[in-house]
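One structure below.
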Amino acid sequence: MLAFCSGACLFGIEAKPIQVEVDLAPGLPGLQLVGLGDTSGREARERVRSALRNSGFRVPQTRVVVSLAPADLRKEGPGFDLPMALALLMATGQQAPDALQGVWATGELGLDGSLRPVRGVLAMAQAAKKAGARALIVPSENGQEAALVQGLEVWPAKGLKHVHNALAGSVAWGVATAPMPPLAKEFAPDLATVRGQLHGRRALEIAACGGHHLLFIGPPGCGKTLLARCLPGLLPPLSPEQALELTQIHSVAGLLTAGGGLLQQPPFRAPHHGCSGVALVGGGAYPRPGELSLAHRGVLFLDELAEFRRDVLDHLRQPLETGMVHLARARFSQFFPCQLLLVAATNPCPCGWWGDQVRPCRCGERLRRQYWSRLSGPLLDRLDLQVLLRPLSPAELSDEGNHPLQQSSMEVARRVLLAKERMIAQNPKGFNNAEAPLETMKGRLRLQGPAKNLWVVTLERLYLSARSAGKVLRVARTIADLENSEKIEAVHLAEALSYRPLDRKQA
Ligand SMILES: [Zn+2]
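Heads up: the sequence shown runs through residues 17 to 523, numbered per our numbering.
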C-alpha cells in the first residue's frame, strides 16, 4: 500500500516541494526512513510514532518505508513530521486520501500529537501557492505568517487529531487571517532628538541617499549609536515585495514572532563585537541567514569596530561587494540577499580621547598605531564616509533642542527620497551612486571649472589612492544629487573631501 503527502523544505530563503512517500511492505514491524539525515531521521521517527499512538491512531504492525523525495535535496528540521504522519494514516486506511488531494502540510509533532511551529513557513506558503496547491496545513502559531501569502488557503491546526477531524469536516480549522498591519509606530529615533553633531547628521543623509557605507570616529558618549539608529528612519519605505522578502528572511532564521505581521520598515541590526563569522554572515550545515541578511534593505551597525575579530570582518568583504551572501557546500550552493548600509563606529584610540581639546589621550603613539592597524585594511576601504565626531560641548549638552538646523527625520527622509529618485533615474539599472560601475558613471562624475581646479590641487596635496579618489567623487555626486544639481560644483567636492579625514592624516 503506497501513499503520498506534499510538504516543503527550505533552501536559502526559498522553499522547494517535497513529496513524502509511505510504503507498507511485508516484513518485520519497523519504520525505515530514507532521505533525512541520521539524527533528524531518528528523532522524526520517534515523534511521529508517539504522536500517532497518543492521538488514538493505529501504528502499523508491519514494515514501513518512509521516503522523502527528491533525494538529492538536503533536508533538515522537524517540518516533515506532519506530512509523514498524514501519509502513514492514508497508507493504513485511517485517512481518506481525497481530502488531502493537492494539500501541502508542514509542522513538528509533539509526542502527545500536538503541532509545534516551524521556521520558514512564509517561504513554504509561497512555494505551495506557486505549485498550485489547494491549501497548506500549518501549526496554529504559524497561521498568520502563512496567511501573508495571498491567494492560498491556509488551514491552521492545533494537533494531529485536529487535522484529521477538520479534514473529515467534523471540526473547523483555526483562524488564519493575515494580521492587521502594525500601527505606524516610531521604529527609529528621530534625528530631531540628536544634540549637535551636524556633520554626523549630514553624513547620514548622504549615506541614505547614495548608499554609502559610513564610519563614525569619536569618543565615548558623543552619540555614535544614536546617530546610527536614526538612519533606518531616513531610508525610503519598503515596497510590498521588499517587505515580503525581508519577512521571509527573518522567518527562515526563525525570528518571526507569532502575529507580528509583515516587517515593513528597513531593519536595524547591531550584532555584538564578539559574534562569530557564521552569526554575522550566515551558514551552518543547514544554512541560515546571518546578521548581514537580517539587515537586508536596512542598516547593519558594527559598534566598536576594532573589537571585532579580523577574520570575522574579512567575511564581510565579498557580500558587501555583491549584495549577496553565497554559501558554497559540497553538493549545493545557497544564496541570501544582503543589500544594506553598513555603519561602523570606533573610538579614535583605545582610551577614546585622542584629538580631544580638553581630555588628554593616555594611549601613546605605539598603542594608537596598533589600534589603527587593526582597523585599516579592506573593510575600512569600503566605508565611503568617514566622520570625526567631537564630544558634545556643555552648551550642546544643556541645549533643549529647537535648533533651526536640527531637522526632523521626516524632513530629511523626504529630501533623500526625491534625490534618490533623481539618482536612480540617471544611473544605469537604477544603481546607487556608491555601487554603480565606474565606467557607467563617467559623465556624471565629470568635473569642470572651479571644481576641476579644486580637484587638481587636492590630488597634489593629498595622497589619495585611486580607490579613495573614486569614492570622493561618488560622494560628491550624491551631494550634488541632494542639491538637484546636474554638475558637481566645487562646494559639493569640498564637502565630499571633508568625509575623508583618514586619507588626510597619511598625507
Ligand atoms: Zn587614547
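Ideal placement from N, C-alpha and C gives every residue a C-beta, glycine not left out.
- At a Cβ-Cβ threshold of 8 Å, residue 81 and residue 41 count as neighbours.
- At a cut-off of 3 residues, the continuous stretches assigned as beta strand (DSSP E) that sit fully inside the stretch 124 to 169 are 151 to 155.
- Taking the Cβ of residue 155 as the reference point, every heavy atom of ligand 1 lies at 7 Å or farther away.
- Pairing residue 113 with residue 19 gives a Cβ-Cβ distance under 8 Å.
- Burial check for residue 100: the Cβ neighbour count within 10 Å reaches 16 or more, so the residue is buried.
- Partner residues in the beta bridge of residue 342, as assigned by DSSP, are 351.
- Put simply, the backbone Cα of residue 391 is about 17 Å away from that of residue 293.
- Three or more beta-carbon pairs drawn from the stretch 349 to 363 and the stretch 305 to 325 are found closer than 8 Å, and the two stretches are therefore classed as touching.
- Contact annotation: the stretch 201 to 214 touches the stretch 237 to 249, with at least three C-beta pairs closer than 8 Å.
- According to the DSSP assignment, residue 474 belongs to no beta strand (DSSP E) but to the alpha helix (DSSP H) extending over 465 to 477.
- Each of 79, 85, 93 was checked against the Cα of residue 59, and the nearest Cα belongs to 93.
- Minimum Cα-Cα distance from residue 249 among the listed residues 128, 400, 208 corresponds to 208.
- Under the criterion of beta carbons closer than 8 Å, residue 173 and residue 189 qualify as touching, at roughly 6 Å.
- Collapsing the DSSP output to three states places residue 306 in coil.
- The stretch 66 to 80 and the stretch 32 to 51 touch, with no fewer than 3 CB-CB distances between them shorter than 8 Å.
- Excluding sequence positions up to five before and after residue 348, its CB lies within less than 7 Å of the CB of 90, all in the same chain and listed in chain order.
- Its chain contains 204, 205, 284 as the residues whose beta carbon lies nearer than 7 Å to that of residue 245, once the 5 sequence neighbours on both sides are disregarded; these appear in chain order.
- Between the alpha carbons of residue 318 and residue 365 lies a gap of roughly 17 Å.
- Taking a C-beta distance under 8 Å as the contact criterion, residue 144 and residue 171 do not qualify as a contact pair.
- If you check the C-beta of residue 234 against ligand 1, you find no heavy atom less than 7 Å away.
- In this chain, the alpha helix (DSSP H) harbouring residue 459 covers 454 to 461.
- By the neighbour-count criterion, in which 16 or more other beta carbons inside 10 Å mark a residue as buried, residue 443 falls on the buried side.
- With respect to the 8 Å criterion, residue 322 and residue 263 are not classified as neighbours on the basis of their beta carbons.
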